[in-house]
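Protein chains in written order, with our numbering: chain A, 1 to 129; chain B, 1001 to 1502; chain C, 2001 to 2249; chain D, 3001 to 3488.
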């Protein structure tokens, strides 16, 4: 019963698992990053639904809105931080992806690993002789 | 310890003095080899003299102490010169001085490294002797362990590398066990590690099982250095591999550091009563007896001279352990005095072996026929020490054996005497053939009536090699006759034992 | 196989989390612990304390301003990380490969963009400044500024954009937010409070809320500019494709 | 004052970026200033902390539940000073070294990121607010991703990307943990949380959030099964960066767990955390052994150091899970020791790369003929890492083992001793190569030709510091013991 009542939380958790699954199994780096963003979004969603109050109003004083009916402002602030982090991580990751793509011409992790291993063996052979 | 210890910087100076020669070696130009090395010798000589200056005070029963650093209360780096420690320090600094002199004539390559580490190990092991609590002892002991590695690996032959690595592996493992022992001592000793006059542990703070575990941890930790039988594996490899002065110090001092640790544990950490209470000394004694007999048997089978000497060292160090394990007045006296006696005898023997190795390059006894005619003085010294080892009076060997025998009777266990006699016989069996080969065989003696060669003193080596040998050989006899001269072992040991067995 | 394992793992995790959900306080209940505690205090006190009608902004800039400083730091970190990976461009012009072979956009698009961009920027300014009495704030405004530059760059090419926004202009402005925070923090100490105190105790209590209000407006602006320019620089660094700074070894 | 220790490097980062644009050749010197300043502030702070508590600094003059609070106790100050010192030394080392690994266009970013890293670390350590902890953790994380990738060749970028792909989910997990904690208690301040957790009704949620915290920080601290990112990242990054990463970042992440486990979920709520802490101890023990064995098997010097970091992380965790003052002190002191020693060893590896350009262990045979100073410093650091008296490592191991003996979990005592055995073997193998093995013909010049002094001085400061803190640990240990006793 509680589960059906806390459906927002449940949805957030499921979203989290979906994102995690994508991060684990996808071979394409960009898809991994999308999975990462899904995880982050799920957590933001969780925060926001955590701040929700039944038939509450926006936490803006004035216009005679009484504080007791306002929704919880704290999670919104925290989510803002979360978004910033998400932006930063994504930007950094994408720049790395750009560099890797320029180098290998692919986004598939397995292919990149294979090429990398070839490089290593090549380098080792050159060191050998 | 006896009375209130006076504050004194001399121990600290004594520990720092060897570093002077280290500085000399690193700073002075590398051309002036002779000057630098003789300065090294002067450094160790100065250390010996410095230690000697403390003698009167110690004989009056004073003791000196200085605190270097402190971690928390009860866990401090403190140097204390009590009688027991002083006794060890005197012996080792004397032997070290002679060995340094000897190695000036002996070491021919990589002098810098060898002498630097000689000096370092001397300072560390002086620290062991002077340490005022188990914490300090452990620290200097570990440093000494790692410092003596380069001495063993010095030749850098394959055997040397193998032996040194083996030594390191044994020592590190032992160090870990010892570490646990010290921590456990701190924990079960109620947060202090001091050396109590009658022991610092007691059954009313820690359980019997805990203390027994602790004791065996200590025994295993120090036993590796003291070469108690199952843990002796590194000794027979390290001694032949190391250059002769180093192996003299190995069996003369570094093995003794382990034994000394056990002495400290028995007398000052646990104390006689607690030992009797715990009944652990029996295990110690049994191990020691096994070691004595087996080591002598192994020694019989060795043809390599230094290897044979190494095995005999294993046996002889166990004399000390046995003497301590008797927990009787004379037993302790004999054990403690054997600490010095064996150091002198075995040091001299190794130095002689070194001379032969250096001059003729012969390692094996079977090759040494007639060696006594080419190097009479060396071989005479060798024979004196060998006889002393067997225990023929008048010699130091006889004294310690005699006292040990008394201790055995005091303990009411004549079986020890049988052990001692067996080992005496065995040591006769492995020492006399060397003398026989050296003096009563010669090259080509199997042909009937071939003339025995003339004694030739010409090709004896230079004074730097001979002086230490002769001094030690003479001491072996003198100490065996005039026992009670102040400064000789008895004067100090009797104090210690008298205090412990009030 | 790997996928199957991952699926099982994630499924197990989902079951656990859903079980956790059943134990959570019921959704939207006005008296669950999160709604109690400091949230109520924020809601009741923020207008008097900070002069900001919007509790979110009050908490964001004033009560937890130190966090916000951290956020600005994070954005700056991200920018520097991007520059560490892709390298800061050399002085002067830069262009992307787009500029070379790009289909010239139709006049309509160009004119529209020229026409729209001022309004976008105006809107971002509104979002920033109006944050005191309505949802909004520096980060949102900054993001909008960045978006406007993205539109501009996609249409007119990186070269043109970097002419409008030369490096010499961007470099100091990227960090403006952190600097502003630091200055205000020191001022807060000078004003008799602690770091990042807006309502200076030394000043007469009558104008404290107004002062706090104005200072937080300044902070919002700084955040907007800083975030906006940081995003722009990230964008430029990512679009730049010529003269890859070749790595060492 | 603590606040300036944190904010000065952040401000300095901004200014340094401007300096790097105007006068690039001032960079190495300009970057030193902020860290120097905060280091001085930290030293001034030493006396002022009450020995039976902590300085709490309310930002923006808001009382506790409203505003953010900094809490600087001796443990925190201890780490902050360590951070300043290591950061400074790494910067000094970088001046000559870094041109080998970082191209001119990335130089500014390098120095700025190091400043941001140090500032973020200090903020993380000093923070008394659990969400503020997260914010500064993110600053640290982002800057370390950037620093790993800074040499921008494909290996580095791959390592950094792997690091990021494990680190970012970890931060999200921690964020979720904070959400659960806030949901169950409605507060974010640590001290207040510690009070409210006691009478909160939502046990399951609390346990879940603790587990999430442990997992998240465990990834960042390379706890055993979550260490996969560490070897690549730490071995491929430029040497000063690896020094900072495995000397500071890992330690500070462990400090995060310490804060969570001791300041938020106080041991009074022990039954709440005991199960997880037992699991933690098991993992840590596994990590000690695994790291040691892997380090023995490595051929690459920096890779070996990275694996030994994993092993030492296990040590510190074993100190934490002993749940008594001695263990905690041991953990803190081991952070110091491992920070100094490992940083020194990484810098030495850096100077080998600087001189000869190689990093394989076999190539070090006979190295001391050419680079005696570097080799001896490496030896000192290795001794401290192994824990040979009288180095700092010995003292820390002493307290770690003492703590575990006191807690009566003998298995971990044995594990610690085994770990130090392994450590001895993999360290002495290298020393053996350096000092007692003849090098290949012409591999080394017979005369000493060591790295320039600007690189030697940091190395030697670190090496001497390991011995100094071993001999005179009496300066630090008592206050640490007291502070740790307060947490229990």
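Just so it is clear, CB atoms sit at the ideal spot from N, CA and C, and this is done for glycine as well.
Proximity of chain D to residue 39 of chain A at the Cβ level (cut-off 8 Å) is accounted for by 3169, 3172, in chain order.
For residue 2085 of chain C, the enclosing alpha helix (DSSP H) covers residues 2065–2086. Of all C-beta pairs linking the segment 3006–3024 of chain D to the segment 3455–3462 of chain D, fewer than three are shorter than 8 Å, placing the two stretches out of contact. Cα atoms of residue 2239 of chain C and residue 2087 of chain C: separation of roughly 12 Å, rounded to the nearest angstrom. For residue 3138 of chain D, the nearest CB of chain A lies under 8 Å from its own CB, placing it at the interface with that chain. Annotated as distal: residue 1043 of chain B and residue 1079 of chain B, with beta-carbon spacing of 8 Å or more. Restricting attention to D:3146, D:3331, D:3137, D:3124, the CA atom closest to the CA of residue 3160 of chain D is found in D:3146. Here the alpha carbons of residue 3387 of chain D and residue 3344 of chain D stand approximately 15 Å from one another. Taking the Cα positions, residue 1166 of chain B is about 27 Å away from residue 3303 of chain D.
For residue 3404 of chain D, the secondary structure class from DSSP, reduced to helix, strand or coil, is helix.
Residue pairing by DSSP places residue 3069 of chain D opposite D:3058 in a beta bridge.
A straight-line Cα-Cα distance of about 32 Å links residue 1302 of chain B and residue 1406 of chain B. Taking the C-beta atoms as reference points, residue 1154 of chain B is found nearer than 8 Å to residue 1246 of chain B. Residues of chain B whose Cβ lies closer than 7 Å to the Cβ of residue 3407 of chain D do not exist; the shortest such Cβ separation is about 11 Å.
No Cβ-Cβ contact shorter than 8 Å links residue 2057 of chain C with residue 2177 of chain C. Counting only unbroken stretches of 3 or more residues, no beta strand (DSSP E) element lies wholly within the segment 2160–2226 of chain C.
Listed as beta-bridge partners of residue 1006 of chain B by DSSP are B:1064. Spatial neighbours of residue 3446 of chain D in its own chain (CB-CB distance under 7 Å, excluding positions within 5 residues in sequence) are listed in chain order as 3369. Taking 8 Å as the cut-off, the Cβ atoms of residue 1046 of chain B and residue 1092 of chain B do not count as close. Contact between residue 2024 of chain C and residue 3183 of chain D is confirmed by a C-beta separation of about 6 Å, below the 8 Å threshold. Residue-level contact by beta carbon fails for residue 3105 of chain D and chain A, as no gap is shorter than 8 Å. Of all residues in the segment 2121–2136 of chain C, the ones placed with a Cβ closer than 8 Å to any Cβ belonging to chain A are 2133, 2134, 2135, in chain order. In this model, residue 3043 of chain D and residue 3120 of chain D are separated by some 19 Å (Cα to Cα). Using a CB distance below 8 Å, the part of the segment 78–105 of chain A facing chain C consists of 80, 81, 83, 84, 85, 87, 88, 89, 91, 92, 94, 95, 96, 98, 99, 102, ordered along the chain.
Distance from residue 1172 of chain B to residue 1292 of chain B at the Cβ level is roughly 27 Å; contact not present, criterion being Cβ atoms closer than 8 Å. Between residue 3173 of chain D and residue 3212 of chain D, the CB-CB gap stays under 8 Å. Under the Cβ distance rule, residue 2071 of chain C counts among the residues neighbouring chain A, one pair being separated by less than 8 Å. Within chain C, the residues whose beta carbon sits less than 7 Å from that of residue 3142 of chain D are 2074, 2077, 2078, 2081, listed in sequence order.
Only 2053, 2054, 2055, 2056, 2059, 2060 from the segment 2050–2061 of chain C bring a Cβ to less than 7 Å from some Cβ of chain A.
Comparing alpha-carbon positions, the option among B:1262, B:1242, B:1193 lying closest to residue 1223 of chain B turns out to be B:1262. The three-state secondary structure of residue 3210 of chain D, taken from DSSP, is helix. Shown here for residue 1184 of chain B: same chain residues with a beta carbon closer than 8 Å to its own, the five before and five after excluded, namely 1210, 1213, 1214, 1217 in chain order.
If you draw a straight line from the Cα of residue 1273 of chain B to the Cα of residue 1400 of chain B, it is about 24 Å long. In this structure, the alpha-carbon of residue 45 of chain A lies about 28 Å from that of residue 2222 of chain C.
Taking CB atoms only, residue 3149 of chain D has a neighbour in chain C less than 8 Å away. For the pair of segments examined, the segment 3190–3209 of chain D was found not to touch the segment 3239–3248 of chain D: the number of CB pairs separated by less than 8 Å stays below three.
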